[in-house]
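Right, one structure below, let's go through it.
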Amino acid sequence: MTDQQQADLRHDEVEAGTQTVLAAPSIDVTNARQNSLWSDAWDSLRRNPLFWIGAVLGLVFVLMALIPQVFARGADPRACNLANSNQKPSAEHWFGFDQQGCDYLANVVYGARNSLIIGLLAVLVVLVLGVLVGAVSGFYGGMIDSVLSRITDIFYALPLILGALVVLRSGTIGRGVVAVAIALAAFGWMTAMRLVRSQVIAVKSSDYVAAARAMGASNRRILLRHILPNAVAPVLVYTTITIGVLIAAEATLTFLGVGLQRPAISWGLQIENGQSLLRTAPHLVLFPSLILTTTVMAFIMMGDALRDALDPRQRA
Amino acid sequence: MGRYIARRLLLTIPVLIGASFLIFAMVYALPGDPIRALGGDRPLAPAVVAQLRDQFNLDDPLLIQYVKYVGDLLQGDFGTDFRGREVLDTIEQRLPVTVKLTVVAIVFEAVIGIIAGVLAGIRRNGFLDNLVLVSSTIVVSVPILVLAFVSQFVLGVKFGWFPIAGINDGWYSFLLPGLVLAAGSLAYVARLTRTSVAENLRADYVRTARAKGLRNRDVVIRHTLRNSLIPVVTFIGADIGTLMGGAIVTETVFNLPGIGRAIFDSVQAQEGAVVVGIVTLMVFFFIFFNLVVDVLYAVLDPRIRYD
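Quick mapping for you: the protein sequence lines, in order, are chains A and B. Mapping to UniProt numbering: the first sequence position 23 is 23, numbers consecutive. Mapping to UniProt numbering: the second sequence position 306 is 306, numbers consecutive.
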């Protein structure tokens, strides 16, 4: 008996004023709606303050990337006056000025766009690679799985920053926004692959997949319609957190001198530039660091809240 | 168990070869001519260039270069950099710095992480629990780059509690960088311990222990903690390999002459042999600690059997 049939039966019973001894309905089944995973998850999310803090911070960050003019209070990040070099924050200029005498608030705010683009682009490539390799590996198993898993192990053994550092330094793919995103994704897709692979293996042996197969569904249909939708929840959690991690990694690479280059505006460049002035003008490191941290935190908080909502057992 | 270890060791070989080849191929693609750069403003004599290119196998195709490199590596020869210095010397000189940094980080991670996690776990939803949850979320979110600078500025420059950079103060100079390096893992260890302790406190054997009339302290320390720490210990073990490879930023900001810093410098200077040598070594450490942890898991938790 399916849940729906059971509910129908109870509904009939309630209507008829009878009750079987099978199971007394603990809820008013005449009004109860079947809750899906997603509506349950949304219910839980809505009540989680962490989610709302993360969502608001994330929204501010996205808006900052889309319409930086508004957040920069009309200041142009490239309009500089050396007379203002390294000036401390003031009521007029909230974040002060950098070494070249440019308004620092404008510079920090305009840095959001590159971070967002790289974060989203890199996570997209990570998803495509991870889901593709993971699904194929988990679904077909055998030799294919062994080979793909070993390749994943190889990449997994190389630290993200280290791999991206060498790729970017080699200059084969350039040093632009796209190049940085690809370099990050190339050494960051392995966890997504393992996640999808284990989900696929877990779901593959379930009854409804067997039923679909018995009805003559093709491999592709089973994979796309039955198996992958079940892997969406953990992948979504992972994706949200990873955007934050990748944004931090971009700033790190740029700081190390292999990521974005001037005249691009990037938090990593700002921190790198302010590093030598830490004693005299600490605000140069402080403000981009603060915004970078808030942004990363926004995505991690949202991801944490999503995990709690989608998989209560995994609460850590 | 023996068979499991043997199988795992065999699986390690393709990973080691693959990872070292990957890094070798990428270093091979580094731009510029390192031999010409060696001469500086005055070009080297053609005969010298030819001799150096031959010595470092620079004119062979990628695959041949790699095979020759691995052949030397198997005999314990890490090769020399373009200035004629043994790569092994560089490693011997740099490794102790990174090992010290990692040891300090692991100690912080284990001690603070576990204590915070236990305190949070035994009183779920209490004040300490929420404090640990919130602070771990914040700590996890702070990029190591930011954490390094902020702590360097506040604790080093402003308050002067710690040396700002360098390794001239012995172990003391590793305290702050170690804490920075450990921060993210520390927060994770705290959460892991918290979840594990809270879960185990509800287990049947804990109820039995309480029913026997044991003191709360004994129940928590003897019965709950020992079981709860299994996933924590294994995480910390695997983290040793990760931390050693993740020290580039910390070593750069705090100016510690370890292997992370050496890799960064060598990539900039196109010293391929140094980069490949050190990275291969780090991949080896990474795989080694992961293997140890997997075996350790079976030893600590008798329910897990690999054969």
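For glycine and all other residues, C-beta sits at the position ideal for the given N, C-alpha and C.
Backbone CA spacing between SER137/A and PRO143/B [nearest angstrom]: Distance between the alpha carbons of SER137/A and PRO143/B: 33 Å.
Minimum C-alpha distance to ALA192/A - residue among VAL235/A, PHE97/A, ARG175/A, ILE201/A: A check of alpha carbon separations from ALA192/A across VAL235/A, PHE97/A, ARG175/A, ILE201/A identifies VAL235/A as the nearest.
Consider the Cβ of THR20/A: report whether some Cβ of chain B lies at a distance smaller than 8 Å. Residue placement at THR20/A is poorly supported in this model, since its pLDDT is 48, which falls under 50; the coordinates are not used for a value here.
Beta carbon of residue 309/B, beta carbon of ASP40/A: below 8 Å? In this structure chain B extends from 1 to 307, so residue 309/B is not present and cannot be described.
So, with DSSP's three-state summary, where would you put PHE97/A? Of the three classes helix, strand and coil, the one that applies to PHE97/A here is strand, per DSSP.
Element boundaries [alpha helix (DSSP H), containing MET1/B]: No alpha helix (DSSP H) contains MET1/B, which DSSP labels as neither H nor E.
Amino acids of chain B, ordered along the chain, whose beta-carbon sits closer than 8 Å to that of residue 317/A: Outside the shown range of chain A, which is 1 to 316, sits residue 317/A, and nothing can be said about it.
With the cut-off set at 8 Å, would you say LEU253/A and GLY274/A are in Cβ contact? Pairing LEU253/A with GLY274/A gives a Cβ-Cβ distance that is not under 8 Å.
When DSSP labels each residue in this structure, what does ASP103/A get in the three-state scheme? Reduced to three states, the DSSP call for ASP103/A is strand.
Can you give me, in chain order, the residues of the region 284-297 of chain B that have a beta carbon less than 8 Å from any beta carbon in chain A? Of all residues in the region 284-297 of chain B, PHE286, ILE287 have a Cβ within less than 8 Å of some Cβ in chain A.
Buried or exposed: ASN114/A, going by 16 or more other Cβ atoms within 10 Å of its Cβ? So ASN114/A counts as buried.
Looking only at its own chain, which residues have a Cβ that is under 8 Å from the Cβ of THR280/B, when we skip the five neighbours before and after it? Hits under 8 Å: LEU16, ALA19, SER20, ILE23, LEU73.
So which of VAL104/B, ILE122/B, PHE108/B has the shortest CA-CA distance to THR224/B? When VAL104/B, ILE122/B, PHE108/B are compared, the shortest CA-CA separation from THR224/B is found for ILE122/B.
Residues that THR80/B bridges to, as DSSP identifies them: Paired residues: GLU86/B.
Name, please, each residue of chain B whose Cβ falls closer than 9 Å to the Cβ of ARG279/A. Per Cβ cutoff of 9 Å: PHE153, VAL157.
Within 7 Å of chain B by C-beta, residues of the region 249-271 of chain A in sequence order: Answer set for the region 249-271 of chain A: ALA251, THR252, PHE255, LEU256, ILE271.
Which bits of chain B does ARG150/A rub up against, with CB to CB less than 9 Å? By Cβ distance, chain B contributes LEU11, PRO14, VAL15, GLY18.
With a threshold of 8 Å between beta-carbons, can THR252/B be considered close to chain A, or not? Under the 8 Å criterion on CB atoms, THR252/B is classed as interfacial with respect to chain A.
Quick one: is SER198/A near chain B, going by C-beta distance under 8 Å? At least 8 Å separates the CB of SER198/A from every CB of chain B.
Excluding sequence positions up to five away, which residues of its chain have a Cβ less than 6 Å from the Cβ of THR242/A? Contacts found: VAL123.
Around the Cβ of SER289/A, are there at least 16 other Cβ atoms within 10 angstroms (buried) or fewer (exposed)? Burial call: buried.
C-beta neighbour in chain A for PRO177/B, strict 8 Å: Not an interface residue.
Mark TRP189/A as exposed unless 16 or more other C-beta atoms lie within 10 angstroms of its C-beta, in which case mark it buried. Answer is buried; the Cβ neighbour count reaches 16.
Nearest to LEU135/A (by Cα), restricted to the options ALA249/A, SER198/A, ASP308/A: The sequence as given places Ala at residue 135/A; Leu does not occur at that position. Nearest C-alpha to ALA135/A: SER198/A.
For LEU145/B, would you say it is in contact with chain A, using Cβ-to-Cβ distances shorter than 8 Å as the test? Answer yes: the Cβ-Cβ gap between LEU145/B and chain A drops below 8 Å somewhere.
Can you tell me which of TRP42/A, PRO159/A, LEU165/A, ARG73/A puts its alpha carbon nearest to the alpha carbon of PHE264/B? Nearest to PHE264/B by C-alpha distance, out of TRP42/A, PRO159/A, LEU165/A, ARG73/A, is LEU165/A.
Spell out whether any CB of chain A is found under 8 Å from the CB atom of SER141/B. For SER141/B, the nearest beta carbon of chain A is closer than 8 Å to its own beta carbon.
Would you call the region 287-305 of chain B in contact with the region 3-13 of chain B, where contact means no fewer than 3 C-beta pairs closer than 8 Å? Contact between the region 287-305 of chain B and the region 3-13 of chain B is present, with at least three C-beta pairs closer than 8 Å.
In chain order, what residues of the same chain have a beta carbon less than 7 Å from the beta carbon of ASN84/A, not counting five sequence neighbours either side? Leaving aside the five residues that flank ASN84/A on each side, the residues in its chain whose CB is nearer than 7 Å to its CB run, in chain order, PHE97, GLY101.
Starting from the beta carbon of GLY79/B, find every residue of chain A whose beta carbon is closer than 8 Å, and list them in chain order. What GLY79/B touches in chain A: nothing, since even the nearest Cβ is about 18 Å away.
For THR239/A and chain B, any beta-carbon pair shorter than 8 Å? THR239/A does not count as touching chain B.
Check whether chain A comes within 8 Å of MET1/B, counting only Cβ atoms and requiring the distance to be less than that. At least 8 Å separates the CB of MET1/B from every CB of chain A.
In angstroms with no decimal places, state the Cα-to-Cα distance between ALA120/B and LEU201/B. The C-alpha of LEU201/B is placed about 12 Å away from the C-alpha of ALA120/B.
Unbroken stretches of the alpha helix (DSSP H), 4 residues or longer, contained in the region 179-231 of chain B: Listed in chain order, the complete alpha helix (DSSP H) runs (minimum 4 residues) inside the region 179-231 of chain B are 204-211.
In whole angstroms, what separates the C-alpha of residue 326/A from that of VAL196/A? Residue 326/A cannot be examined here, being either before or after the span of chain A that is shown, 1 to 316.
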